[in-house]
Structures are given as C-alpha cells and as structure tokens.
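Below is one structure, written out as structure tokens; comments come after it.
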Amino acid sequence: MRSLKNLKLLSEPVKSPDYYRKIIKIFTSDESSVVKASIKALDKIFCHLISNGSLCEEGPQLEPEADKKVREWSRERYQEFQDRLFKLISAEQISLQELSLVHLMHLFQAEGQHPLPKLPQGKEHMFPLDLLEKLMLHMLSLEKEATPVLTRFQEFMEYEDILFHLLRVLGKILKDKTNVDEKFLKNLIHILEHITLHNSPPKEEEKTKLFCSNKKHFKWNYGQAKKYFSTIWQQLLKHPLTPSLYKRVLVILPDKVLPHLEKPLLLTDFLMESYRIGGAVSILALHGVFLLMQSHNLEYPDFYTKLYALLEPGVLFVKYRSRFFYLLDLFMTSTHIPEYIAAAFAKRLARLALIAPANIVILLLHFVGNLMIRHRGLARLMHHPENQKDVSDDPYVMKETDLNSCKAIESSLWEIKTLQSHALPEIANTAKFIDRDLPKLEWDVSQDLETTLEDLLEKELKRKYPTDDIPINFEKPTKFACVKHEKLSTYFDL
Numbered sequence: 001m002r003s004l005k006n007l008k009l010l011s012e013p014v015k016s017p018d019y020y021r022k023i024i025k026i027f028t029s030d031e032s033s034v035v036k037a038s039i040k041a042l043d044k045i046f047c048h049l050i051s052n053g054s055l056c057e058e059g060p061q062l063e064p065e066a067d068k069k070v071r072e073w074s075r076e077r078y079q080e081f082q083d084r085l086f087k088l089i090s091a092e093q094i095s096l097q098e099l100s101l102v103h104l105m106h107l108f109q110a111e112g113q114h115p116l117p118k119l120p121q122g123k124e125h126m127f128p129l130d131l132l133e134k135l136m137l138h139m140l141s142l143e144k145e146a147t148p149v150l151t152r153f154q155e156f157m158e159y160e161d162i163l164f165h166l167l168r169v170l171g172k173i174l175k176d177k178t179n180v181d182e183k184f185l186k187n188l189i190h191i192l193e194h195i196t197l198h199n200s201p202p203k204e205e206e207k208t209k210l211f212c213s214n215k216k217h218f219k220w221n222y223g224q225a226k227k228y229f230s231t232i233w234q235q236l237l238k239h240p241l242t243p244s245l246y247k248r249v250l251v252i253l254p255d256k257v258l259p260h261l262e263k264p265l266l267l268t269d270f271l272m273e274s275y276r277i278g279g280a281v282s283i284l285a286l287h288g289v290f291l292l293m294q295s296h297n298l299e300y301p302d303f304y305t306k307l308y309a310l311l312e313p314g315v316l317f318v319k320y321r322s323r324f325f326y327l328l329d330l331f332m333t334s335t336h337i338p339e340y341i342a343a344a345f346a347k348r349l350a351r352l353a354l355i356a357p358a359n360i361v362i363l364l365l366h367f368v369g370n371l372m373i374r375h376r377g378l379a380r381l382m383h384h385p386e387n388q389k390d391v392s393d394d395p396y397v398m399k400e401t402d403l404n405s406c407k408a409i410e411s412s413l414w415e416i417k418t419l420q421s422h423a424l425p426e427i428a429n430t431a432k433f434i435d436r437d438l439p440k441l442e443w444d445v446s447q448d449l450e451t452t453l454e455d456l457l458e459k460e461l462k463r464k465y466p467t468d469d470i471p472i473n474f475e476k477p478t479k480f481a482c483v484k485h486e487k488l489s490t491y492f493d494l
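For the sequence shown, full-length UniProt numbering assigns the number 1 to the initial residue and increments by one for each residue that follows.
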C-alpha cells in the first residue's frame, strides 16, 4: 500500500510526463489522506494545463508530432482524473465527496474561462454544458446519502451563470431520462427546493455573481430561465411521487415555483387532484389552488366547501397545522365572502375550540373574533336566540357539508361562552370578548400559530396572584386545629 511518503512527490515542480504518471498512481491509493492530497495536486496541474491551452482539442496548425502526442496523452489523463472525481462523489466519506465536488467545479471554472473545444468563428466564450450535465447525472443518481454533497453544491447555485445553465441541463436530463427511481427524484427535488429565481436584474450596488463567465459574455435572461424552469416541472410531475416527495413538492409550489412558470394553469390538474385527496395533502395543496384562483382566474366554485370540510378535529394535530391556519386566515380575509359562509366557518371553529388542546384554543378564539370583525352581521351569533334555551336546541348541523344548509347563521356561539369557564385563566379571559363590543382592529393570529403548551405553562408560572384573597379552607380557623365537624377532631386535639 502506498504511504504518505509518496506525498513528498506532490511538492516537487512539474518537470515531465513521468511526474503525471506518478501522481496518477498515487491517486488510486486507498488511503484517504493520500487521495485528498493527490486531488489537490492534480487539480493545480490540470487547471494550469487548461489555462495555457495544453488540453485543447486542437493544437496549433504546425504543431510538432511529439507535442501532439503529449497533448493527446494529457487529455486522456485529464479525462481519467475527471472520471475518478465523479466516482469519489459517491464515496463513503462526506469530506471526500465534498472535496471531489469542489475540485470538479475548479475544473469547470477553468474550462469556462479557457474553453477546450475549438470555438466557432466570432464566438469568444463557450459554457462547459457537457461537464455540468455529467456532474448533475452523477449527483442525481447517488444511491447513498446525497444530502451533504447536494447541500455543498448550493453555494455554486448562487452564481447566475451556473443557475441559468443548471436549469437548462436539468430540463434536458429529465427529457432524455425516461426511467427514474425514487432516489433520483429525491435528489432532484432537494436541488429544486433551493433554487430561487429573480425576475429583475440586480441593483447597481449589488454585483452580479458569475462563476466562469464575465458580464460581456453572460446576461441573466429571466424569460429563457422561465422556459427551462417550466420544462423541469412539467417533466418532473409526469413521474409518480412517494407520499413524502409529494408533500415536499406541494410545500415549494406556491412561493418558489408557480410565480416563475410560463403557464401556471398547467398545474391545475395536479393541484386539484391533490386538493381532493384530503388530510395533510389537501392542506398543502390549498395555497397553490388559491393562487391560481386569485392570480390566474381559475374557477373553483367549491373551494370554500372543500376548505370547510378540512375543519375536522384531525386538523388540530397534523404536522402542517400552523401552515393551514395561516392560509385559512389568508383565504378568509376578504369581506366579500357571503355571510352564511363566514358564519359556517365561525361556528365550526368555535365547535373545534371545545375539544382543541389548550395551546390552540386561543388561536381559534381569535380567529372567530376576526371573522366577526370582518362580517359585522355575525354579531347575531353572540347571544342565544330566544327559541334556543339549551345547547341541545342548537340548529347547527356539524355533519352537513353544504355551507348554506348547516344552519350556522341560525345558531349562536355558545361554545365561546362555555370556554369562559376554562381552567386556564388566559383562555377564560380571551373568551370574554363575546360579552363586549368588538374591537376595530383584528387580533394578530400569526402570534398564536406556534404557541405550545410549554408557553402557556410558563405564563401561568410567571403570573402573580394575590395570595391573601385565595381561600384555602371552607371555614376560617380559630386555632391550629382540624376542620370543624371532622371526625379527626374528635380523637385529636392540638
């Protein structure tokens, strides 16, 4: 086995092809430290050869035969070095994976600045698309844990020329590759989750970040980037997704994808189908469907009926609960929503508040209060109607899916009155808003979205109570003795 003694060779100056042979032999070592050192040495060598034109596909017109053979031999060694780096991207050691990626990007940068193929007449620059495509194919096909190396690649996606051509390459790969497995899709979605497109040029004070191009040769083209981006998503959504990947896609669609698609309405079927599935998937599809309705004139008359159907006890315990109630507040902001719809939502939320965990009750109470502020006609729900003497007389039909037939507008919010007797003072006090005039300003429900039971407990522990007024006995004692009429006092006297 080769040892670290061979690394002394790496500090020697480059004198002859024999030097390359020795380095390449060291590169095949099984010792991690030897491999890392040889990667750095070979990177310097080949970046130097690229910059001085020694690795170009074609040499000078009158190139001596000996020089031509050296150039061809050097190109073969360069290809071997690249192949070895691609192989090491899937190494078991994370540090070796990242090192291989970084030095591949060094070569990528060198090729971008000093193209190896002969440039067409009049062209001064050529982006190394083939190398980028090969890199993406290797990274997307990683079968082991790919998160570290994919995460490291994110720092290169900040460069505009890399990001632009990455979109182009990913679209091409998805078009050409018909059979993809779960790992491939998982790695692809990891990359897409961290892509941020911008539709305007950087401000004057912000410098354009380019990796291997210059401003003369590259200018960000948002229109073309949208085309590449749209191709990626059209091809991706043709493949079946596992439940976890399905949810990850739905999470990023509203903010990171829909605004940058050429034809967002092409995702209508996907989002509608997701919205009908129910549970967490429907919750995640909500935002996308709403954006299509709001910004792209999608007609979906049953939107609020489906939204109302999601207000089941299970929604209080799902992983995406905070996201759901944030979106629900957004959807119910409009004052043009018919009063019977607002009443149905207020009543259903009030009913859920009776069975909700303590940390969610305040959110639900504030939500109902905001609906009443937006729709002043709901004030009729603040008190029991004359013909409703008991909760059993409540005309509201919880199981009715038709918002107009559930009779919420004929009911009252006795649930909130009931919560005034809650064991936690904070909840009991919050529920008293129904006995007062409604405020002009809405409650900020965003502050209640992440409230936990620990938060409520901490508040109660910090609360100061007037200890003199707290009764600790039924009868005021006259001496240190047992309570009157207790049998214990018959047998003991203190």
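Backbone N, C-alpha and C fix where the C-beta goes; we use that ideal spot for every residue, glycine too.
Out of 285, 185, 356, the CA that lies nearest to the CA of residue 254 is found in 285. In this chain, the alpha helix (DSSP H) harbouring residue 176 covers 160-176. Rounded to whole angstroms, residue 237 and residue 394 show a C-alpha spacing of 47 Å. Sequence-distant partners of residue 193 (beyond 5 residues in either direction) whose C-beta falls short of 6 Å from its own C-beta, in its chain, are 252.
Each residue's CA atom was taken as its position, placing residue 391 and residue 415 some 9 Å apart.
Boundaries for residue 143: no alpha helix (DSSP H) harbours it, and the DSSP string shows neither H nor E there.
Membership of residue 336 in any alpha helix (DSSP H) is not indicated, and neither H nor E is assigned to it by DSSP.
Of all C-beta pairs linking the segment 260-267 to the segment 291-302, three or more are shorter than 8 Å, placing the two stretches in contact.
The alpha carbon of residue 290 has as its nearest neighbour, out of 280, 304, 278, the alpha carbon of 304.
Sequence-distant Cβ neighbours of residue 381 in its own chain, meaning closer than 7 Å and more than five residues away, are 343, 346, 411, 412, 413.
By alpha-carbon distance to residue 315, the top candidate from 364, 340, 273 is 364. No Cβ-Cβ contact shorter than 8 Å links residue 375 with residue 400. Residue 443 counts as buried, since no fewer than 16 other beta carbons sit within 10 angstroms of its beta carbon.
Membership of residue 289 in the alpha helix (DSSP H) is indicated by the continuous run 279-296. Take the alpha-carbon of residue 246 and the one of residue 65: they are about 58 Å apart.
Close CB contacts of residue 136 within its chain, under the 7 Å cut and outside five residues either way in sequence, are with 169, 170, 173 (chain order).
With distances taken between CA atoms, residue 351 lies nearest to 419 out of 301, 288, 373, 419. One thing to note: residue 373 has its Cβ no nearer than 8 Å to the Cβ of residue 448.
Sorting 233, 46, 317 by C-alpha distance to the C-alpha of residue 356 places 317 at the top. Here residue 249 is near residue 241, since their CB atoms are less than 8 Å apart.
Taking the C-beta atoms as reference points, residue 126 is found no nearer than 8 Å to residue 132. For residue 191, the uninterrupted alpha helix (DSSP H) run begins and ends at 182-193, by DSSP.
Relative to the Cα of residue 82, the nearest Cα in the group 47, 161, 113 belongs to 47.
Of the candidates 185, 424, 371, 463, the residue whose Cα lies closest to the Cα of residue 139 is 185.
Under the three-state reduction of DSSP output, residue 99 falls in the helix class.
In the DSSP annotation of this structure, the continuous segment of the alpha helix (DSSP H) that includes residue 308 starts and ends at 303-309. As summarised for the segment 404-472, the continuous alpha helix (DSSP H) elements at least 4 residues long and confined to that stretch are 414-419, 425-430, 453-462, given in chain order. Within the model, the alpha-carbon separation for residue 331 versus residue 409 is close to 20 Å.
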